[in-house]
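The sequence shown begins at -2 in the numbering used here and counts up one residue at a time.
Everything on this sheet refers to the single structure shown next.
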Amino acid sequence: MEKYKLTINGKHIEAVRGMTVLEAANSAGIYIPTLCADPDLEPYGSCRLCVVEIEGMRGLPTSCTTPVTEGMVVHTETPAVTAVRKMAVELLIADHPADCLTCTKNQNCELQKVANYLGIKELRFPKTTRKYEIDTSNPFFDIDRNKCILCARCVRTCNEITCVGAIDLAFRGNDTKVATFGDKTLFDSICQSCGECMVRCPTGALALKEVNNYTHEVKTTCPYCGVGCSMILGVRNNKVVSVKGNREGASNQGKLCVKGRFGIPEFVNSPERLTTPLIKKNGKLEKASWDEAIRLIASKFSNYQPEEVAVVSSSRATNEANYITQKFARSALGTNNVDNCARV
Ligand code: FES
-2 MEKYKLTING
8 KHIEAVRGMT
18 VLEAANSAGI
28 YIPTLCADPD
38 LEPYGSCRLC
48 VVEIEGMRGL
58 PTSCTTPVTE
68 GMVVHTETPA
78 VTAVRKMAVE
88 LLIADHPADC
98 LTCTKNQNCE
108 LQKVANYLGI
118 KELRFPKTTR
128 KYEIDTSNPF
138 FDIDRNKCIL
148 CARCVRTCNE
158 ITCVGAIDLA
168 FRGNDTKVAT
178 FGDKTLFDSI
188 CQSCGECMVR
198 CPTGALALKE
208 VNNYTHEVKT
218 TCPYCGVGCS
228 MILGVRNNKV
238 VSVKGNREGA
248 SNQGKLCVKG
258 RFGIPEFVNS
268 PERLTTPLIK
278 KNGKLEKASW
288 DEAIRLIASK
298 FSNYQPEEVA
308 VVSSSRATNE
318 ANYITQKFAR
328 SALGTNNVDN
338 CARV
């Protein structure tokens, strides 16, 4: 790996060839405000928040799109840089509602964060009066274009990560907005409701219909299929209230599909969920202990020859559970009659 030596704000750092100036700064613990950059997406360079001064380079290049070179000397906090950043944020705020206290993204909003960082206390520009109807057609999240800053993180996520392409930036100039094909509602589009766009939205433009704050988190594996996506559940009063992908998950690296992201709390918390084995006694299902249930099943299995039984495992179980199931079939029951419904 070819390494370059460069200086950022007087600090000597090393960066790998191919890194952007933003990545090099972040890796050295130097904060550069951003809005359109996302580590999982290709550089885009639209918000102009990450501009820096680079000695010998004209203008103020965006650090998220500028690759590092040997000997580069970068300044991230000059008066010219701050003026451009402030202007960019002030223009965004002028086009943004001021209902932060009732916004679901309050305190998690990246626009708020950069405005605070830049010390913006008053607005130099009049607020715009444009008003979009909120698209509430999706069962899990809403799209409120009034809060959209047109960073296109949602659009790029849908193209680059989910590879669905349900949304794009449509129309021109002041009318530019995130839209589905034919400007239909999200529900009537090809959106698969995975929510990856919502996770990456820096403001409250794409937000959950209902946000429940949790008191602690539990790491687990999604039970919906064999991919084994790692997820982090938010728990409050012993109930699952939120789900997020775990970036350290080897198979999903933080991403989730619609089932994992939105299909967990309702069934885990459902009062109708079976939480103990049931054994039919005198025609009625009665609660039983696991020992009792396993003993009963074992005694029934023992009445059959290996060629008389077959085991069909579940595509909704984890890889590990499916592995154990076939092992049980082969080693304990002595049969090779094993199948899994995933292969359909
Ligand atoms: Fe670089 Fe938006 S983060 S231009």
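Cβ coordinates follow ideal geometry from the N, Cα and C atoms, glycine included.
Query raised in the report: Is it the case that the CB of residue 32 approaches a heavy atom of ligand 1 more closely than 7 Å?
Result: yes
Requested in this report: Give the single residue among 303, 8 and 64 whose Cα lies nearest to the Cα of residue 19.
Outcome: 64
Query raised in the report: Where does the unbroken alpha helix (DSSP H) through residue 193 begin, and where does it stop?
Result: 193 to 197
Query raised in the report: Of the residues 208, 190 and 126, which one's Cα is nearest the Cα of residue 172?
Result: 126
**Report entry** residue 345 versus residue 310 - alpha carbon distance
**Finding:** The chain is shown only over -2 to 341; residue 345 falls outside these bounds and no answer can be derived.
Query raised in the report: Any heavy atom of ligand 1 within a distance shorter than 7 Å of the CB on residue 59?
Result: yes
Query raised in the report: Alpha carbon to alpha carbon, how far is residue 80 from residue 93?
Result: 20 Å
Query raised in the report: Got a sec, what are the start and stop residues for the beta strand (DSSP E) residue 186 sits in?
Result: Segment: none, residue 186 is in no beta strand (DSSP E) and carries neither H nor E.
Query raised in the report: Should residue 42 be listed as close to ligand 1, given that the test is whether its C-beta is under 7 Å from any heavy atom?
Result: yes
Query raised in the report: Can you name the residues that DSSP bridges to residue 214?
Result: 231
**Report entry** Check whether residue 211 and residue 244 have beta carbons under 8 Å apart
**Finding:** no
Query - Inter-residue spacing [alpha-carbon to alpha-carbon] between residue 230 and residue 4 - result: 41 Å
Query raised in the report: What three-state label does DSSP hand residue 271 in the structure shown?
Result: coil
**Report entry** Span of the beta strand (DSSP E) around residue 175
**Finding:** 174 to 177
Query raised in the report: To which residues does DSSP link residue 138 through a beta bridge?
Result: 205
Query - Per-residue DSSP class, three states only, for residue 242 - result: strand
Query raised in the report: How would you label residue 145, buried or exposed, when you count the other beta carbons within 10 angstroms and need 16 or more for buried?
Result: buried
Report task. State the start and end residues of the unbroken alpha helix (DSSP H) segment that holds residue 322. Result -> 316 to 324
Query raised in the report: With a Cβ-Cβ cutoff of 8 Å, do residue 198 and residue 150 count as a contact?
Result: yes
Query - Three CB pairs or more closer than 8 Å across the segment 281 to 298 and the segment 200 to 207 - result: no
Query raised in the report: With 16 other CB atoms within 10 Å as the buried threshold, where does residue 14 fall?
Result: exposed
Report task. Take the Cβ of residue 249 as the centre, count every other Cβ of all protein chains shown within 10 Å, and call the residue buried at 16 or more, exposed below. Result -> buried
Query raised in the report: What separation, rounded to the nearest whole angstrom, lies between the Cα atoms of residue 142 and residue 148?
Result: 12 Å
Query raised in the report: ligand 1 heavy atoms versus the CB of residue 45: any closer than 7 Å?
Result: yes
Query raised in the report: Are the CB atoms of residue 329 and residue 335 nearer to each other than 8 Å?
Result: no
Requested in this report: Return the residue from the list 174, 29 and 100 that minimises the CA-CA distance to residue 74.
Outcome: 29
Report task. Examine the Cβ distances between the segment 153 to 163 and the segment 189 to 198 and report whether three or more of them are shorter than 8 Å. Result -> yes
Query - Close beta carbons around residue 332, own chain, < 6 Å, minus the five adjacent residues each side - result: 303, 306 and 326
Query raised in the report: Can you tell me the Cα-Cα spacing of residue 70 and residue 51, whole angstroms?
Result: 6 Å
Query raised in the report: How far does the alpha helix (DSSP H) with residue 293 in it reach, from first residue to last?
Result: 287 to 298
Query raised in the report: Which stretch, first to last residue, makes up the alpha helix (DSSP H) that contains residue 24?
Result: 18 to 24
Requested in this report: Have a look at residue 176 and residue 166 and give me their C-alpha separation to the nearest angstrom.
Outcome: 6 Å
Query raised in the report: According to DSSP, which residues form a beta bridge with residue 3?
Result: 10
Report task. Give the DSSP-derived three-state secondary structure of residue 52 in the structure shown. Result -> coil
**Report entry** Sequence-distant residues of the same chain with beta carbon closer than 8 Å to residue 38, five excluded per side
**Finding:** 150, 153, 154, 157, 158 and 197
Query raised in the report: Which whole-angstrom value is the C-beta distance of residue 237 and residue 265, which I expect to be below 8 Å?
Result: 5 Å
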